[in-house]
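Below is one structure, written out as structure tokens, with a few remarks after it.
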Amino acid sequence: MTHFSVVNGRLIDPRNGTDRTLDLHVRDGRIAGIGPRPANFAGAQTYDASGCLVIPGLVDVAVRLREPGLEYKATLHSELLAAVAGGVTTVACLPDTDPPLDEPGLVEMLKHRARLLNLAHVFPLGALTAKLGGERLTEMAELSDAGCVGFSHADAPLVDTQVLYRALQYAATFGFKVWLRPQDPFLSRNGVAHDGEVATRLGLPGIPSAAETIALDTILRLVRITGAAVHICRLSTAEAVDMLRAAKRDGLPVTCDVAACHLHLCDADIGYFDPMMHLIPPLRTPADRAALRGGLADGTIDAICSDHRPVDEDAKHLPFGESEPGASGLELLLPLALKWGREERRPLSEVVARITSHAARVLGREQDAGHLSHGAPADLCIVDPEAEYTVTAETLKSQGKNTPFIGVRLAGRVRGTFVSGQQVYSVEGPLNGA
Amino acid sequence: MGERDVKKVPLLRGKSVFNLFFENSTRTRTTFEIAAKRLSADVINLNVSTSSTAKGESLLDTIDNLAAMNADMFVVRHAQSGAPHLIARHVKPHIHVINAGDGRHAHPTQGLLDAYTIRHYKKDFSGIAVAIVGDILHSRVARSLIHVLRALGTADVRAIAPQTLLPTGVEALGVRVCHEMTAGLRDADVIVMLRLQNERMRGPLLPSAQEFAKTYGLSVEKLAVAKPDAIVMHPGPMNRGVEIDSAVADGRQSVILPQVTFGIAVRMAVMSILASS
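Line order of the protein sequences matches chains A and B. Residue numbers 261 to 694, in my numbering, belong to the letters of the first sequence in order. Residue numbers 881 to 1157, in my numbering, belong to the letters of the second sequence in order.
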């Protein structure tokens, strides 16, 4: 296999506390050396990363790849291309496909198809209940053997607390992690926007913050009883951040994430019913946004994810309340994370950690992903953090062009992405071998 | 204009006005039709239940097809807030779009005709107290009325309803909330009663029509705490005996029927202004 070096870049590897100009050397798909060139590296291809960051390939814990069954929205191929264009080399995908990922055969097929594409690594989250129906448990041990790294209920309601309790107990038996997005289905019924002054003015049915906090309280109490490891998905309220902070202080085995959009937008951005702002969970108030940003800074929130939901155009060309919620975001995870870091004056290594090492830990993949240690798989990306560009439908590789950031100028362009030492993406431009 | 013999003016002659009502409404659609015809426009009423929408055609496809038939103006009523905005963003610039009511969001011509009515009887907006009573949560009429009153300088706007029928943060719209109707009606100059839809009368929002009538219905006794010359308004259609007693609806303080007459003039004005812009 090839061996190559990435030179002159600012190497940021939060897991190993590295943040300085260092060369990186790759052989046979793994990191072969950091700093001085290893032996037998003569004649190796060299990539010049001057002026760029060299960071672990991003780990995105919430991506909808839409296969199987929803190929009219997006395909494995289009979305994994989008992933690597965004510097993302590891994705966790949700089980709400058609059919849902509740059978080992489906999971195996998905992993197989993803492997054949040789783009980003795909780690499926299995369905927590059969058909995501909230009644019967899935064969979690079988699904785990097939490759599931955790069990999720996506957006499907899990109303029966007895089922939730037993599902957590069962998962805890095997040490499996359960991924839950707290949303009370009754309080959020028919709601399309945060229940507050903006929704009142616009006449949009609201989803109160209590829909999140009440459900979160139930989940946390059941975690206390069962000891199940739980990841809380897509925080949107200030109160939830406080609850997670207290839960972690009490030593509960919980992690959580925030979607990139919710770090930057709020309900007022709906404007005159812009369907691109129709998201799940809804965009809430500036105070909620500030709490999310603060929670990320103080480590209460472990990772930023894209919550990538490619939606076909027709489904967004509808009145707000009828439009399909969700934003395409794989390719924007990096620039949006950098934007948060810049605005909140966080050290770059902390920003990078939230989309690499910490995200890998949330997934339980910290061995193989999210760091550039010697011997680790060579999943990395080269980023020009200052390069600005305007987000347009044309610049997005995803089949989903539905993003609130269309027309917005962002900074942070991926110059090249490598997965297992193979270059899977390079922008047209100065990333040439020498 | 109602007293003229020849009720037509040629301002919209040769123009095609398409009434696109996705929600049932004989009253509003009829007044828009009358208004357009008084301006000499050609009016086409699209009956949505038998149209292609029932066959699954998207809203924008329906609009595109109608625009291809050389529509000059769409009058749109839709169950979804923001539908007319979507349409307006989509159609070519020369096609005018009038919102005849979108979800809970707005009913601008109703707001204007309500303001016109108030001005007719009360002249001044800044010194009056206006009470809006009923299901404000679901009411586009209430939202548009509050908007227009605040824009015209009315400082004292009272929202009278049980908590279940008030939207979150309604005070931010510039109203004072009163859960107790008599307190809210005290010394009011204008009382606007909102219709209570049948489906709201039972269930998690309200227990029964009877209890609502007792606590929030406008009776002769409750009307007496308002100013003696207070006017009573209602966007219609009324549920007699629920939100308003017949004695009040048919009484000397009621201006409900003049509202309808004013509505035609206001809609004619809106169409004329749009067509000449």
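Where a beta carbon is used, it is the ideal one built from N, C-alpha and C, also for glycine.
* To do: Please report how far the alpha carbon of Leu691/A lies from the alpha carbon of Gly672/A, in whole angstroms.
  => Confidence at Leu691/A is low in this model, with a pLDDT of 45, below 50, so its placement is unreliable and no value can be given for it.
* **Assumed close pair Arg1030/B, Gly463/A - CB separation to whole angstroms, cut-off 8 Å** => That pair is no contact at about 16 Å.
* To do: State yes or no: is the beta carbon of Gly407/A nearer than 8 Å to at least one beta carbon in chain B?
  => Not one chain B Cβ lies under 8 Å of Gly407/A.
* If you count every other CB in all the chains shown that lies within 10 Å of the CB of Gln422/A, and 16 or more means buried, which is it? -> Exposed.
* Asked: Between which two residues does the beta strand (DSSP E) harbouring Leu318/A extend?
  -> Run containing Leu318/A: 318-323, per the beta strand (DSSP E) assignment.
* To do: Step through the CB atoms of chain A and report whether any lies within less than 8 Å of the CB of Ser905/B.
  => Not one chain A Cβ lies under 8 Å of Ser905/B.
* Asked: Could you give the residue range of the alpha helix (DSSP H) that holds Ala520/A?
  -> From DSSP, the alpha helix (DSSP H) with Ala520/A extends over 520-524.
* Between the stretch 1034-1053 of chain B and chain A, which residues of the former have CB atoms less than 7 Å from a CB of the latter, in chain order? -> The residues in question are Pro1047, Thr1048, Gly1049, Val1050, Ala1052, Leu1053.
* Nearest to Asn1078/B by CA position, among Val1050/B, Glu1123/B, Val1013/B, Val1100/B, is which residue? -> Residue Glu1123/B is the option with its Cα nearest to Asn1078/B.
* Asked: Just the Cα atoms here: how many angstroms apart are Pro595/A and Gln960/B?
  -> So the alpha carbons of these two residues sit roughly 34 Å apart.
* Asked: Closer than 8 Å, CB to CB, is Gly991/B near chain A or not?
  -> Not one chain A Cβ lies under 8 Å of Gly991/B.
* C-beta neighbour in chain A for Val1116/B, strict 8 Å -> It is Gly, not Val, that sits at residue 1116/B in the sequence shown. Chain A contact via Cβ: absent.
* Span of the beta strand (DSSP E) holding Met953/B? -> Its beta strand (DSSP E) spans residues 953-958.
* Determine whether the Cβ of Gly365/A lies closer than 8 Å to any Cβ atom of chain B. => By this cut-off, Gly365/A is not an interface position.
* Do we get a CB-CB distance below 8 Å when we pair Tyr332/A with the residues of chain B? -> Judged by the 8 Å Cβ criterion, Tyr332/A is not in contact with chain B.
* Asked: By DSSP, does Leu397/A sit in helix, in strand, or in coil?
  -> The answer is strand: DSSP assigns Leu397/A an E or B state.
* To do: Please work out which residues of its chain come closer than 6 Å, Cβ to Cβ, to Thr262/A, disregarding the five sequence neighbours upstream and downstream, and give them in chain order.
  => Around Thr262/A: no qualifying Cβ.
* Any alpha helix (DSSP H) of 4 or more consecutive residues that is wholly inside the stretch 1051-1121 of chain B -> The qualifying runs are 1061-1065, 1089-1096, 1100-1103.
* For the stretch 566-583 of chain A, which residues have a CB atom closer than 8 Å to at least one CB atom of chain B, in sequence order? -> Of all residues in the stretch 566-583 of chain A, Asp574, His577, Leu578, Pro579, Phe580, Gly581, Glu582 have a Cβ within less than 8 Å of some Cβ in chain B.
* State the Cα-Cα distance for the pair Leu552/A and Asn276/A, rounded to the nearest angstrom. => If I take the Cα positions, the gap works out to 26 Å.
* To do: Identify the continuous beta strand (DSSP E) that holds Asn927/B and give its terminal residues.
  => 922-927 is the extent of the beta strand (DSSP E) around Asn927/B.
* Is the beta carbon of Ile1012/B sitting closer than 8 Å to the one on Ala986/B? -> No.
* Asked: Since Phe665/A meets chain B, which of its residues come closer than 9 Å, beta carbon to beta carbon?
  -> Going along chain B, no residue has its Cβ under 9 Å from Phe665/A, so there is no contact; the nearest lies around 19 Å.
* According to DSSP, residues forming a beta bridge with Glu648/A -> According to DSSP, which records beta bridges pairwise, Glu648/A is partnered with Ala671/A.
* Is the beta carbon of Cys526/A within less than 7 Å of some heavy atom of the ligand SAH? -> Inclusion of the ligand SAH in the displayed structure is not the case, the ligand content being empty and no account of it being possible.
* Asked: Quick one: what's Cys353/A bridged to in DSSP?
  -> Note: Cys353/A sits in a beta bridge opposite Val323/A, Pro384/A.
* To do: Just tell me which of Glu395/A, Phe264/A, Ala488/A, Gly289/A has its CA closest to the CA of Gly635/A.
  => Selected option, being the one with the closest Cα: Gly289/A.
* **Which residues DSSP lists as bridging Gln682/A, in chain order** => Answer is Val679/A.
* Could you tell me whether the stretch 656-666 of chain A touches the stretch 305-319 of chain A, where touching means 3 or more Cβ pairs closer than 8 Å? => With the cut-off at 8 Å, the stretch 656-666 of chain A and the stretch 305-319 of chain A do not touch.
* Tell me, please, which residues DSSP counts as bridged to Lys917/B. => Under DSSP, Lys917/B takes part in no beta bridge, so it has no partner.
* Identify the continuous alpha helix (DSSP H) that holds Val1128/B and give its terminal residues. => Here the alpha helix (DSSP H) through Val1128/B covers 1126-1129.
* Asked: DSSP on Thr306/A, reduced to helix/strand/coil?
  -> Three-state result, Thr306/A: strand.
* **Reduced DSSP secondary structure (H/G/I, E/B, other) of Ser496/A** => Ser496/A: coil per DSSP, three-state reduction.
* Examine chain B for any beta-carbon lying closer than 8 Å to the beta-carbon of Gly693/A, and answer yes or no. => Residue placement at Gly693/A is poorly supported in this model, since its pLDDT is 42, which falls under 50; the coordinates still yield a value, given next. Gly693/A does not count as touching chain B.
* **Chain-ordered residues of the stretch 458-473 of chain A with a beta carbon less than 9 Å from chain B** => Contact annotation: in the stretch 458-473 of chain A, residues whose CB is within less than 9 Å of a CB in chain B are Val458, Ala459, Thr460, Arg461, Leu462, Gly463, Leu464, Pro465, Gly466, Pro468.
* Asked: Considering only residues of the same chain and omitting the five flanking positions on each side of Gly456/A, which have a CB-CB separation below 8 Å?
  -> Within the same chain, Gly456/A has close Cβ partners Gly466, Asp527, Arg544, Thr545.
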